Amino acid sequence: GQSLEQPSEVTAVEGAIVQINCTYQTSGFYGLSWYQQHDGGAPTFLSYNALDGLEETGRFSSFLSRSDSYGYLLLQELQMKDSASYFCAVITGANNLFFGTGTRLTVIP
Amino acid sequence: GAGVSQTPSNKVTEKGKYVELRCDPISGHTALYWYRQSLGQGPEFLIYFQGTGAADDSGLPNDRFFAVRPEGSVSTLKIQRTERGDSAVYLCASSPKGLAGVTGELFFGEGSRLTVL
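Protein sequence lines, in the order shown, are assigned to chains A and B.
Position 30, counted from 1, in the first sequence is what the working numbering calls 30; the numbers after and before it change by one each time, with no gaps.
Position 22, counted from 1, in the second sequence is what the working numbering calls 131; the numbers after and before it change by one each time, with no gaps.
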């Protein structure tokens, strides 16, 4: 089976930087994805790491350490619209994708 | 269509009834996934199709749940003898082909909110 752990809630100030951690246990690991979901909306893809290291996409960066079964999502220059739930998800060898329980980010002025 | 389309957007039914939820994936996407999401939780995997066949149905909770994709495009999730615990948002997603080592990206629909009274 798969197990993913994320903090349940994070609060940060507008303009700041926040890091959301994810640790996982799975078999057949191929990569780690991150998704954003606003209340009542669909999950939308943010980033993907298949190899160790940092991937940067604008204000968002994602990091993976396969040896530590650990990754994180880094959000810089936080904006109010970044308030949402963020999910890490592992991709297994069966081309399947399993989500964590999510981290609810609240950005305050 | 431009995105993944799911119908109905909302469905209210009574305990014991039969329900069908439809998903129309992005044109050309061969992989199709169904997830279930309860309030405050992450999407829970149900079933994954590659083409017409179910590549992995290990997430279906019991034999009341069944899904088909007869022509490799539209998929229908079928729930028999609904129970109050089946109330959730059912999400459908598609991708061009396999995820592993490629893009890691699924394209999600807005979901079908099922309420069982």
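Yeah, the Cβ is synthetic: ideal placement off N, Cα and C, and Gly gets one too.
Just so you know, these numbers come straight off a predicted model, no measurement behind them.
In the structure shown, the three-state DSSP call for residue 81 of chain A is helix. Taking a Cβ-Cβ cut-off of 9 Å, the neighbours of residue 101 of chain A in chain B comprise 149, 150 and 151, given in sequence order.
The continuous beta strand (DSSP E) containing residue 176 of chain B extends over residues 174-177.
Residues 52 and 71 of the same chain have their beta carbon placed closer than 8 Å to that of residue 65 of chain A, with the five preceding and five following residues left out of the count. Sequence-distant Cβ neighbours of residue 61 of chain A in its own chain, meaning closer than 6 Å and more than five residues away, are 54 and 74. In this structure the region 186-202 of chain B lies against the region 114-129 of chain B, because at least three pairs of beta carbons, one per stretch, are closer than 8 Å.
Within the same chain, 203, 204 and 205 come within 7 Å of residue 138 of chain B by CB-CB distance, once the 5 residues on both sides are set aside. The Cβ neighbour count for residue 13 of chain A, taken over all protein chains shown within 10 Å, is under 16; the residue is labelled exposed. In terms of Cβ geometry, residue 33 of chain A and residue 103 of chain A do not form a close pair [threshold 8 Å]. Residue A/106 holds the alpha-carbon nearest to the alpha-carbon of residue 81 of chain A among A/106, A/27, A/1 and A/20.
In chain order, 48 make up the part of chain A whose C-beta sits under 7 Å from the C-beta of residue 212 of chain B.
Listed along the chain, the chain A residues whose CB falls inside 7 Å of the CB of residue 154 of chain B are 96 and 98.
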